[in-house]
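Just so you know, the UniProt record's numbering puts 226 at position 226 of the sequence shown, and the rest follows in order with no gaps.
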Amino acid sequence: MESQGILQRDNFGLVLCELKKKELFSLVEEARLLPIVQKAVVLQYKRGERLLFNSNNDQKVFLLTQGIVNLDVYSCNGEAVGSFFLGKNEFLPFSMILKSTLKNFNMCACTDITIVAMAKTTFEKLIYNDTTIEQFLDCQKSNIIANFLKCNMINSYAQPQMRVSLMLHHMSEKFGTVDESFEYMIPKWLTQSILARLAGTTRETVGKTYRMLRNEGSLVGTERLTRSFSQKYKEYL
1 MESQGILQRD
11 NFGLVLCELK
21 KKELFSLVEE
31 ARLLPIVQKA
41 VVLQYKRGER
51 LLFNSNNDQK
61 VFLLTQGIVN
71 LDVYSCNGEA
81 VGSFFLGKNE
91 FLPFSMILKS
101 TLKNFNMCAC
111 TDITIVAMAK
121 TTFEKLIYND
131 TTIEQFLDCQ
141 KSNIIANFLK
151 CNMINSYAQP
161 QMRVSLMLHH
171 MSEKFGTVDE
181 SFEYMIPKWL
191 TQSILARLAG
201 TTRETVGKTY
211 RMLRNEGSLV
221 GTERLTRSFS
231 QKYKEYL
(Lines of atoms letter the chains of each structure in order from A; the text may use other names.)
(Lines give C-alpha, C1' and ligand atoms only; values in the text may rest on other atoms or scores of the structure.)
Protein backbone atom coordinates (compact mmCIF):
# COMPACT_ATOMS: atom_id res chain seq x y z
CA MET A 1 0.00 0.00 0.00
CA GLU A 2 1.47 3.34 -1.05
CA SER A 3 1.02 6.31 1.24
CA GLN A 4 1.85 9.96 1.61
CA GLY A 5 1.77 9.55 5.39
CA ILE A 6 -0.21 11.32 8.07
CA LEU A 7 0.95 14.93 7.87
CA GLN A 8 1.49 16.86 11.10
CA ARG A 9 1.71 20.55 10.20
CA ASP A 10 2.68 23.61 12.17
CA ASN A 11 3.59 21.67 15.30
CA PHE A 12 6.77 23.38 16.43
CA GLY A 13 7.24 21.20 19.51
CA LEU A 14 6.69 17.95 17.61
CA VAL A 15 9.21 18.78 14.88
CA LEU A 16 11.83 19.88 17.42
CA CYS A 17 11.30 16.70 19.45
CA GLU A 18 11.66 14.49 16.36
CA LEU A 19 14.78 16.22 15.07
CA LYS A 20 16.48 15.86 18.45
CA LYS A 21 16.07 12.07 18.15
CA LYS A 22 18.61 12.06 15.33
CA GLU A 23 22.27 11.98 16.26
CA LEU A 24 22.99 14.46 13.49
CA PHE A 25 21.04 17.23 15.20
CA SER A 26 22.83 16.74 18.51
CA LEU A 27 25.73 18.43 16.70
CA VAL A 28 23.66 21.56 16.05
CA GLU A 29 23.12 24.37 18.54
CA GLU A 30 19.45 24.93 19.30
CA ALA A 31 19.67 28.52 18.08
CA ARG A 32 20.58 27.20 14.61
CA LEU A 33 17.96 24.49 14.82
CA LEU A 34 14.97 26.70 15.54
CA PRO A 35 14.73 28.31 12.05
CA ILE A 36 14.78 24.81 10.53
CA VAL A 37 12.00 23.61 12.81
CA GLN A 38 9.74 26.39 11.57
CA LYS A 39 10.06 25.18 7.96
CA ALA A 40 9.80 21.41 8.51
CA VAL A 41 6.84 19.03 8.75
CA VAL A 42 6.43 15.62 10.35
CA LEU A 43 5.13 12.64 8.37
CA GLN A 44 3.95 9.45 10.05
CA TYR A 45 3.49 6.05 8.41
CA LYS A 46 2.14 2.72 9.59
CA ARG A 47 3.99 -0.57 9.37
CA GLY A 48 3.70 -2.09 5.89
CA GLU A 49 3.03 1.17 4.07
CA ARG A 50 5.19 1.71 0.99
CA LEU A 51 6.67 5.11 0.25
CA LEU A 52 7.84 5.88 -3.26
CA PHE A 53 10.71 8.31 -3.63
CA ASN A 54 12.92 9.17 -6.57
CA SER A 55 16.27 10.64 -5.71
CA ASN A 56 16.17 12.74 -8.87
CA ASN A 57 13.48 14.76 -7.15
CA ASP A 58 15.83 16.67 -4.91
CA GLN A 59 13.58 19.51 -3.77
CA LYS A 60 12.86 17.82 -0.44
CA VAL A 61 14.98 16.11 2.19
CA PHE A 62 13.40 13.28 4.20
CA LEU A 63 14.92 12.35 7.56
CA LEU A 64 13.82 9.23 9.42
CA THR A 65 13.53 9.98 13.14
CA GLN A 66 11.76 6.86 14.40
CA GLY A 67 11.40 3.26 13.26
CA ILE A 68 13.02 1.05 10.62
CA VAL A 69 12.68 1.14 6.85
CA ASN A 70 13.48 -1.29 4.06
CA LEU A 71 14.93 0.10 0.85
CA ASP A 72 14.73 -1.75 -2.46
CA VAL A 73 17.32 -0.19 -4.75
CA TYR A 74 17.08 -0.01 -8.54
CA SER A 75 19.45 0.96 -11.33
CA CYS A 76 18.69 3.78 -13.75
CA ASN A 77 17.23 1.09 -16.04
CA GLY A 78 14.80 -0.04 -13.36
CA GLU A 79 16.63 -3.27 -12.59
CA ALA A 80 16.72 -4.46 -8.96
CA VAL A 81 20.17 -3.88 -7.44
CA GLY A 82 19.65 -4.91 -3.83
CA SER A 83 17.69 -4.51 -0.65
CA PHE A 84 18.71 -3.37 2.83
CA PHE A 85 17.37 -1.86 6.05
CA LEU A 86 18.13 1.36 7.90
CA GLY A 87 17.33 2.83 11.31
CA LYS A 88 16.87 6.39 12.47
CA ASN A 89 20.52 7.40 12.80
CA GLU A 90 21.45 6.08 9.36
CA PHE A 91 18.75 7.47 7.11
CA LEU A 92 20.14 10.37 5.09
CA PRO A 93 18.96 12.57 2.23
CA PHE A 94 20.16 10.13 -0.40
CA SER A 95 20.06 12.43 -3.42
CA MET A 96 22.44 14.84 -1.68
CA ILE A 97 24.77 12.52 0.19
CA LEU A 98 25.01 9.30 -1.79
CA LYS A 99 24.45 10.89 -5.20
CA SER A 100 24.82 8.23 -7.91
CA THR A 101 25.56 5.38 -5.49
CA LEU A 102 21.86 4.85 -4.83
CA LYS A 103 19.89 6.32 -7.69
CA ASN A 104 16.30 5.13 -7.39
CA PHE A 105 14.70 3.27 -4.53
CA ASN A 106 11.38 2.29 -2.98
CA MET A 107 10.95 2.47 0.75
CA CYS A 108 8.68 0.39 2.98
CA ALA A 109 7.99 0.87 6.70
CA CYS A 110 8.96 -2.23 8.69
CA THR A 111 7.62 -0.62 11.85
CA ASP A 112 5.56 2.49 12.47
CA ILE A 113 7.87 5.29 11.37
CA THR A 114 8.19 9.06 11.60
CA ILE A 115 9.90 11.25 9.02
CA VAL A 116 10.77 14.95 9.15
CA ALA A 117 10.57 16.58 5.72
CA MET A 118 12.18 19.89 4.83
CA ALA A 119 13.29 21.81 1.78
CA LYS A 120 16.67 20.86 0.37
CA THR A 121 17.84 24.48 0.56
CA THR A 122 17.01 24.56 4.29
CA PHE A 123 19.11 21.47 4.95
CA GLU A 124 21.96 22.81 2.82
CA LYS A 125 22.13 25.97 4.92
CA LEU A 126 22.45 23.82 8.03
CA ILE A 127 25.45 21.82 6.83
CA TYR A 128 27.14 24.63 4.85
CA ASN A 129 30.77 25.11 6.00
CA ASP A 130 30.24 23.02 9.14
CA THR A 131 33.18 20.62 9.27
CA THR A 132 31.78 18.57 12.16
CA ILE A 133 28.49 17.89 10.37
CA GLU A 134 30.26 17.16 7.09
CA GLN A 135 32.51 14.61 8.79
CA PHE A 136 29.50 13.01 10.47
CA LEU A 137 27.67 12.70 7.15
CA ASP A 138 30.75 11.26 5.46
CA CYS A 139 30.99 8.61 8.20
CA GLN A 140 27.28 7.78 7.89
CA LYS A 141 27.59 7.53 4.12
CA SER A 142 30.40 5.01 4.49
CA ASN A 143 28.38 2.96 6.97
CA ILE A 144 25.32 2.88 4.70
CA ILE A 145 27.36 1.80 1.69
CA ALA A 146 29.13 -0.87 3.79
CA ASN A 147 25.76 -2.19 4.96
CA PHE A 148 24.48 -2.29 1.39
CA LEU A 149 27.59 -4.14 0.20
CA LYS A 150 27.39 -6.62 3.08
CA CYS A 151 23.83 -7.55 2.14
CA ASN A 152 24.95 -8.04 -1.45
CA MET A 153 27.90 -10.14 -0.28
CA ILE A 154 25.59 -12.38 1.77
CA ASN A 155 23.42 -12.93 -1.28
CA SER A 156 26.45 -13.96 -3.32
CA TYR A 157 26.54 -17.32 -1.47
CA ALA A 158 25.13 -20.09 -3.61
CA GLN A 159 23.53 -22.08 -0.78
CA PRO A 160 20.10 -20.67 0.21
CA GLN A 161 20.36 -21.86 3.82
CA MET A 162 23.73 -20.15 4.20
CA ARG A 163 22.21 -16.91 2.89
CA VAL A 164 19.34 -17.20 5.36
CA SER A 165 21.68 -17.87 8.30
CA LEU A 166 24.04 -15.03 7.46
CA MET A 167 21.22 -12.56 6.84
CA LEU A 168 19.62 -13.58 10.12
CA HIS A 169 22.93 -12.95 11.88
CA HIS A 170 23.45 -9.58 10.19
CA MET A 171 19.93 -8.27 10.81
CA SER A 172 19.80 -9.46 14.43
CA GLU A 173 23.20 -7.94 15.18
CA LYS A 174 22.16 -4.68 13.55
CA PHE A 175 18.61 -4.28 14.89
CA GLY A 176 18.10 -6.91 17.58
CA THR A 177 18.56 -6.52 21.32
CA VAL A 178 21.02 -8.41 23.51
CA ASP A 179 19.65 -10.26 26.54
CA GLU A 180 21.34 -10.90 29.90
CA SER A 181 23.12 -13.94 28.43
CA PHE A 182 24.60 -11.78 25.64
CA GLU A 183 22.49 -13.56 23.05
CA TYR A 184 20.69 -11.71 20.25
CA MET A 185 16.92 -11.38 20.27
CA ILE A 186 15.62 -11.45 16.68
CA PRO A 187 13.64 -8.27 15.83
CA LYS A 188 9.92 -9.03 15.92
CA TRP A 189 9.35 -7.35 12.56
CA LEU A 190 11.93 -9.63 10.89
CA THR A 191 9.41 -12.27 9.84
CA GLN A 192 10.28 -15.41 7.91
CA SER A 193 8.68 -13.87 4.82
CA ILE A 194 10.86 -10.76 5.04
CA LEU A 195 13.96 -12.88 5.68
CA ALA A 196 13.15 -15.04 2.66
CA ARG A 197 12.91 -11.98 0.43
CA LEU A 198 16.15 -10.55 1.80
CA ALA A 199 18.00 -13.82 1.26
CA GLY A 200 16.55 -14.34 -2.21
CA THR A 201 14.82 -17.60 -1.35
CA THR A 202 11.47 -19.03 -0.25
CA ARG A 203 9.70 -19.02 3.10
CA GLU A 204 9.90 -22.82 3.01
CA THR A 205 13.71 -22.63 2.88
CA VAL A 206 13.70 -20.20 5.81
CA GLY A 207 11.54 -22.64 7.78
CA LYS A 208 13.96 -25.49 7.02
CA THR A 209 16.88 -23.30 8.06
CA TYR A 210 15.18 -22.43 11.35
CA ARG A 211 14.64 -26.13 12.08
CA MET A 212 18.28 -26.88 11.27
CA LEU A 213 19.47 -24.08 13.57
CA ARG A 214 17.20 -25.26 16.39
CA ASN A 215 18.50 -28.82 16.03
CA GLU A 216 22.11 -27.67 16.32
CA GLY A 217 21.33 -25.44 19.32
CA SER A 218 21.86 -22.14 17.53
CA LEU A 219 18.26 -20.91 17.65
CA VAL A 220 15.77 -20.92 20.52
CA GLY A 221 12.21 -20.94 19.16
CA THR A 222 11.96 -18.15 16.61
CA GLU A 223 13.15 -15.43 18.95
CA ARG A 224 16.70 -15.88 20.20
CA LEU A 225 20.08 -16.64 18.64
CA THR A 226 22.54 -18.39 20.93
CA ARG A 227 26.18 -17.42 21.26
CA SER A 228 27.16 -20.57 19.38
CA PHE A 229 25.25 -19.19 16.38
CA SER A 230 27.22 -15.93 16.43
CA GLN A 231 30.53 -17.75 16.84
CA LYS A 232 29.76 -20.04 13.92
CA TYR A 233 28.59 -17.46 11.38
CA LYS A 234 30.44 -14.25 12.24
CA GLU A 235 33.58 -15.54 10.49
CA TYR A 236 31.70 -15.49 7.19
CA LEU A 237 30.91 -11.78 7.59
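Cβ atoms here follow ideal geometry from the backbone N, Cα and C, with glycine treated the same way.
Continuous alpha helix (DSSP H) stretch holding residue i: start and end
{"i": "Gln231", "result": "227 to 233"}
{"i": "Gly207", "result": "203 to 215"}
{"i": "Gln192", "result": "192 to 198"}
{"i": "Glu124", "result": "120 to 127"}
Below-9 Å beta-carbon distance, residue i vs any chain B residue
{"i": "Lys232", "result": "Here chain B cannot be found, since the structure has a single protein chain."}
Reduced DSSP secondary structure (H/G/I, E/B, other) of residue i
{"i": "Asn106", "result": "strand"}
{"i": "Lys20", "result": "coil"}
{"i": "Ser165", "result": "helix"}
{"i": "residue 246", "result": "This structure gives no information on residue 246, because the portion of the chain shown stretches from 1 to 237."}
{"i": "Ser156", "result": "coil"}
{"i": "Gly82", "result": "strand"}
{"i": "Leu33", "result": "helix"}
{"i": "Leu237", "result": "coil"}
{"i": "Leu63", "result": "strand"}
{"i": "Val220", "result": "strand"}
{"i": "Ser75", "result": "coil"}
Status (buried if at least 16 other CB within 10 Å, exposed otherwise) for residue i
{"i": "Lys99", "result": "Note that Lys99 has pLDDT 47, beneath the 50 cutoff, so the model's placement of it is unreliable and no number is given."}
{"i": "Ile144", "result": "buried"}
{"i": "Gln140", "result": "buried"}
{"i": "Phe12", "result": "exposed"}
{"i": "Asn77", "result": "exposed"}
{"i": "Arg211", "result": "exposed"}
{"i": "Gly221", "result": "exposed"}
{"i": "Gly48", "result": "exposed"}
Residue(s) in a DSSP beta bridge with residue i
{"i": "Ile113", "result": "Tyr45"}
{"i": "Tyr184", "result": "Val178, Leu225"}
{"i": "Ala40", "result": "Paired residue(s): none; Ala40 is not in a bridge."}
Sub-9 Å separation of residue i and residue j beta-carbons
{"i": "Met153", "j": "Leu195", "result": "no"}
{"i": "Phe62", "j": "Phe148", "result": "no"}
{"i": "Leu125", "j": "Lys22", "result": "For clarity, residue 125 is Lys in the given sequence; the question names Leu instead. No."}
{"i": "Trp189", "j": "Thr114", "result": "no"}
{"i": "Met171", "j": "Thr177", "result": "no"}
{"i": "Asn155", "j": "Gly82", "result": "yes"}
{"i": "Phe229", "j": "Leu219", "result": "yes"}
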